[in-house]
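Protein chains in written order, with the working numbering: chain A, 511 to 704; chain B, 511 to 704. Ideal Cβ positions, reconstructed from N, Cα and C, are used throughout, including at glycine. These numbers were taken from a predicted model, which means no experiment stands behind them. Take a look at the structure set out below.
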DNA sequence: CTGTTGTTTCAGTCTAAACAGAAACAACGG
DNA sequence: CCGTTGTTTCTGTTTAGACTGAAACAACAG
């Protein structure tokens with residue numbers, strides 16, 4: 511962690527922090543961050559040295575990242591050791607992660623909601639209100655899932671364009687569209703009732 | 511937790527579990543889940559009794575939910591105690607939560623990336639690769655943020671319709687679109703390479 | 001003033017997850 | 001067969017965060 515440049519170190523630490531705030535193991539996120547910014551593939555021992563964590567920890571993290579499909583093994587001529595590299599394409603990274611979390615968490619949630627709704631309905635009018643609320647939630651989540659599925663079904667360029675579609679509308683409201691416009695959409699949205 | 515119906519209990523536990531997997535305190539998520547499905551507003555003591563957690567814990571959780579703007583105090587005639595209710599509207603719930611997490615985590619990440627990029631650029635060509643990777647990430651996240659801002663700027667009905675836009679595409683693939691079609695959109699998205 | 005209600009804080013406990021470090025094992029190249 | 005490399009599994013240990021329960025405090029209604 512000491513032979514990293516300040517910028518790289520800052521990024522890796524922040525990325526690890528973000529990961530842990532979103533339910534991703536900090537070390538896993540850090541390993542990924544380092545691979546993502548590394549110009550060339552790294553060995554497990556490189557990662558151990560750079561991040562200062564145990565070998566077993568790195569090994570597990572690499573396995574998990576490979577399981578997600580965002581890190582893969584490559585081989586370097588004249589070196590028997592495995593080297594690892596991250597997907598470089600950010601869009602692909604995004605979709606792969608979203609796919610995986612959808613499968614692991616989102617879809618089971620929708621299914622669990624369907625179960626709860628069935629159960630509440632079978633319990634008769636006494637739980638009608640519960641069934642109603644859960645149905646609203648279930649339908650909303652299903653819609654989101656369906657929307658994401660549609661987006662994923664598009665070829666990548668079309669998908670990116672589909673996301674950009676809002677930009678035209680946004681310009682009507684006088685907002686810019688590139689990087690630093692974030693704040694414009696943050697503050698005054700609280701008590702609006704769309 | 512024992513006087514809840516099985517369906518309600520199952521939902522609350524699952525919701526708490528999901529919350530904790532996405533960086534939201536389990537108790538906070540459970541309190542919200544219970545308020546969300548409750549036909550009438552509940553007092554803090556109701557929550558203590560139903561969830562079996564400490565009073566201070568409920569109080570803190572309620573404060574946090576109020577801070578997010580998804581729970582509010584209401585008063586019941588002839589009762590001096592505060593009663594709490596959740597936003598019932600799922601779309602509003604979603605946007606409020608997304609707004610808050612964007613503000614707390616997403617925007618700071620974009621800003622941190624900009625910092626790292628500046629630093630890497632100032633370090634000269636030695637860190638050109640780092641700057642390049644981080645810029646790709648930064649631009650992607652900015653785009654996502656901009657897209658979300660656009661969506662939020664739309665009146666709600668238009669926003670929902672904008673999300674539904676994919677449905678037409680989806681129907682080409684033979685999927686349905688309304689509530690129970692969840693399973694249809696799940697499986698086959700894995701190994702496609704857009 | 002007194003009892004009720006609610007908030008906040010704080011010290012201590014508890015727990016799940018992360019993590020370290022070692023060991024055992026497999027694969028394989030030379 | 002030996003050395004290298006990598007994986008897996010295990011036992012402890014550590015740590016962050018969640019949580020409890022109590023206490024101090026404020027507000028206020030009657």
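Asked: Neighbour-count burial assignment, residue 609 of chain B, 16 or more Cβ in a 10 Å radius; Found: buried
Asked: Cβ-based burial, residue 551 of chain B [other Cβ within 10 Å; buried from 16]; Found: buried
Asked: Residue 537 of chain A: contacting residues in chain B (beta-carbon distance under 8 angstroms); Found: The contacting residues do not exist; residue 537 of chain A stays about 17 angstroms from chain B at best.
Asked: Rounded distance between the beta-carbons of residue 601 of chain B and residue 643 of chain B, thought under 8 angstroms; Found: Not quite, the Cβ-Cβ distance comes to about 36 angstroms (not below 8 angstroms), so this is no contact.
Asked: Close Cβ partners of residue 669 of chain B (< 7 angstroms) along its chain, the five nearest in sequence each way excluded; Found: 661
Asked: Residues bridged to residue 582 of chain B (per DSSP); Found: B:595
Asked: Straight-line gap, residue 557 of chain B to residue 619 of chain A (C-alpha atoms, nearest Å); Found: 23 angstroms
Asked: Proximity test, Cβ basis, 8 angstroms: residue 689 of chain A and chain B; Found: Confidence in residue 689 of chain A is poor, its pLDDT being 38 and thus under 50, which makes the residue's placement unreliable; the coordinate value appears in the next sentence. At least one chain B Cβ lies under 8 angstroms of residue 689 of chain A.
Asked: Per-residue contacts from residue 573 of chain B into chain A (C-beta, under 9 angstroms); Found: Per Cβ cutoff of 9 angstroms: no residues; residue 573 of chain B is ~17 angstroms from chain A at best.
Asked: Residue(s) in a DSSP beta bridge with residue 552 of chain A; Found: A:594
Asked: Proximal chain B residues relative to residue 551 of chain A, where beta-carbon distance stays under 8 angstroms; Found: None at all; the shortest Cβ gap to chain B is about 13 angstroms.
Asked: Interface partners of residue 600 of chain A on chain B, CB under 7 angstroms; Found: 646, 647 and 650
Asked: Chain B contact residues for residue 516 of chain A, given Cβ-Cβ distances below 7 angstroms; Found: 629
Asked: Below-8 angstroms beta-carbon distance, residue 597 of chain A vs any chain B residue; Found: no
Asked: Residue environment, residue 573 of chain B, which counts as buried when at least 16 other CB atoms sit within 10 Å; Found: exposed
Asked: Three-state secondary structure (DSSP) of residue 513 of chain A; Found: coil
Asked: When B:641, B:541, B:578 and B:583 are compared against residue 626 of chain B, the one with the closest alpha-carbon; Found: B:641
Asked: Rounded straight-line distance, which links the Cα of residue 553 of chain B to that of residue 568 of chain B; Found: 10 angstroms
Asked: Endpoints, the alpha helix (DSSP H) within which residue 664 of chain A is located; Found: Counting along the chain, residue 664 of chain A falls outside any alpha helix (DSSP H), and DSSP gives it neither H nor E.
Asked: Backbone secondary structure at residue 609 of chain A - three-state DSSP; Found: helix
Asked: Inter-residue CB distance, residue 539 of chain A and residue 521 of chain A (contact presumed, cutoff 8 angstroms); Found: Incorrect: roughly 11 angstroms between the Cβ atoms, too far for contact.
Asked: Exposure of residue 703 of chain A, with buried meaning 16 or more beta-carbon neighbours within 10 Å; Found: In this predicted model, residue 703 of chain A has a pLDDT of only 40, less than 50, meaning its place in the structure is not dependable enough to derive any value.
Asked: Residue-chain proximity (residue 528 of chain A, chain B), Cβ-Cβ < 8 angstroms; Found: yes
Asked: Nearest-angstrom Cα separation, counted from residue 555 of chain B out to residue 560 of chain A; Found: 51 angstroms
Asked: Spatial neighbours of residue 586 of chain A in its chain, beta-carbon cut-off 6 angstroms, leaving aside the 5 residues before and after; Found: 593
Asked: Partners in chain B for residue 633 of chain A, counting only beta-carbon separations shorter than 9 angstroms; Found: 515, 516 and 517
Asked: Local conformation of residue 534 of chain B per DSSP, three classes; Found: coil
Asked: Cβ separation of residue 549 of chain B and residue 639 of chain A, assumed to be a contact under 8 angstroms, to the nearest whole Å; Found: 4 angstroms
Asked: Buried versus exposed, by CB contacts within 10 Å (16 or more), residue 663 of chain B; Found: buried
Asked: Test: residue 578 of chain A CB closer than 8 angstroms to a CB of chain B; Found: no
Asked: Residue 518 of chain A classed as buried or exposed, judged by whether at least 16 other C-beta atoms fall within 10 angstroms; Found: buried
Asked: Buried or exposed (CB count within 10 angstroms, at least 16 for buried), residue 630 of chain A; Found: buried
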